[in-house]
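Under the working numbering, think of the first position of the sequence shown as 88, with each following residue one higher.
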Amino acid sequence: MRRHEHYYSRRPRCPPRLGLIRTRLRGRYFEFYTASGVFSKRKIDLGTRLLIEVMELPEEGLALDIGCGYGAIGIVAAAIRPRLKVILTDVNRRAIWLAKKNVRHNLVWENAEVRHGFLYEAVEGLMFDVVLSNPPISAGMHVVDALIRGALEHLKPGGSLQLVVRSKLARRPRALMEGYFGNVRVVAKRGGYRVFCSTREA
């Protein structure tokens with residue numbers, strides 16, 4: 088990648104080099120097509136894996152995987168909750184192409200939909216039961232701030248925001264969640280990562 092380009096860029100400049108990840112998540116096998124220019128192209132990173140393993144999902148309703156990359160979080164959510172509608176969004180067009188491919192490949196097209204847009208651009212007017220994210224820390228804390236603040240505006244009463252962050256970088260995101268929602272709890276700690284959950288009060 089060129090200097091200063093990160094995976095939350097709209098159009099990665101590096102040539103796409105395709106790959107395939109085969110893995111087991113939540114007791115099921117999945118395959119994900121990946122490529123250069125997207126986050127964690129060689130394997131499911133430890134943070135994403137932790138969030139997937141502990142994410143708390145309703146049986147039905149509407150979920151958002153924001154900054155979805157090639158779609159692992161949202162696709163697993165759709166697979167294990169077939170009555171839950173899951174929307175996956177990302178600003179990276181290459182990630183969107185991969186996520187759409189992976190939705191079809193993992194047979195979750197009936198309840199998973201991929202949309203392109205920065206943060207909540209693609210889901211304006213929608214209210215969610217849960218928002219899930221491995222947020223793009225490398226894009227800057229202002230993006231993480233907007234993601235957390237926007238979640239409060241797009242969650243139904245009682246809905247939750249669930250984020251995974253590196254433990255050494257967790258202080259600021261945790262403080263933002265506490266500040267905007269008035270509550271935050273640690274769902275899991277493992278492998279240098281923490282999963283936080285904040286709930287929009289009724």
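Glycine residues also receive a C-beta, built at the ideal position from the N, C-alpha and C atoms.
Tell me which residues share the same chain as V271 and place their Cβ nearer than 8 Å to its Cβ, disregarding the 5 neighbours each side in the sequence.
As a position in the sequence shown, residue 271 is number 184, starting the count at 1. R261, M264, E265, F283, C284 and S285.
Suppose you measure from the CA of V178 to the CA of D152; what does that come to, to the nearest Å?
To locate residue 178, count along the sequence shown from 1; it is residue 91. To locate residue 152, count along the sequence shown from 1; it is residue 65. Between V178 and D152, the C-alpha separation is close to 12 Å.
Evaluate S254 with the Cβ neighbour count: other Cβ atoms within 10 Å of its Cβ, from every protein chain shown; 16 or more gives buried, anything less gives exposed.
Working through the sequence shown from its first residue, we reach residue 254 at position 167. Classification for S254: exposed.
Should G134 be labelled buried (16 or more other beta-carbon atoms within 10 Å of its own) or exposed?
Stepping through the sequence shown from its first residue, residue 134 is reached at position 47. Label assigned to G134: buried.
Quick check: the Cα distance between N296 and L137, rounded to an integer number of angstroms?
No information on residue 296 is available, as it lies outside the stretch 88 to 289 that the chain covers here.
Assign E92 to one of three DSSP states: helix, strand, or coil.
Residue numbering aside, residue 92 sits at position 5 when the sequence shown is read from its first letter. The predicted model places E92 with a pLDDT of 40, which falls under 50 and marks its position as unreliable; any figure quoted below should be read in that light. Here E92 sits in coil by DSSP.
Exposed or buried, G114, counting other C-beta atoms within 10 Å across all chains shown (16 or more means buried)?
Within the sequence shown, the letter at position 27 stands for residue 114. Result: exposed.
What do you reckon, are the CB atoms on A165 and A199 nearer than 8 Å?
Counting from 1 along the sequence shown, the entry for residue 165 is found at position 78. Counting from 1 along the sequence shown, the entry for residue 199 is found at position 112. Yes. Within cutoff.
Out of curiosity, what's the CA-to-CA distance linking N193 and F119?
Locating residue 193 in the sequence shown gives position 106, counting from the first residue. Locating residue 119 in the sequence shown gives position 32, counting from the first residue. Each residue's alpha carbon lies about 8 Å from the other.
Are the beta-carbon atoms of I160 and R202 separated by less than 8 Å?
In the sequence shown, counting from the first residue as 1, residue 160 sits at position 73. In the sequence shown, counting from the first residue as 1, residue 202 sits at position 115. No; because the gap between Cβ atoms is not below 8 Å, this pair is not in contact.
Could you tell me if Y94 is buried or exposed, where buried requires 16 or more neighbouring beta carbons within 10 angstroms of its beta carbon?
Taking the sequence shown and counting its residues from 1, the one referred to as residue 94 is at position 7. Confidence is the limiting factor: at Y94 the pLDDT is only 47, short of 50, which leaves the residue's position unreliable and the question unanswerable from this model.
So what does DSSP say about D152, is it helix, strand or coil?
One-based indexing of the sequence shown puts residue 152 at position 65. If DSSP states are grouped into helix, strand and coil, D152 belongs with the strands.
Identify whether L234 lies in helix, strand or coil by the three-state DSSP scheme.
Sequence index remark: in the sequence shown, residue 234 carries index 147 (1-based). Residue state, collapsed to three classes: helix.
Nearest to P169 by CA position, among A150, P223, D232 and T176, is which residue?
Sequence index remark: in the sequence shown, residue 169 carries index 82 (1-based). With distances taken between Cα atoms, P169 lies closest to A150.
Can you find a CB in chain B that lies within less than 8 Å of the CB of N193?
Any reference to chain B falls outside this structure, which holds one protein chain only.
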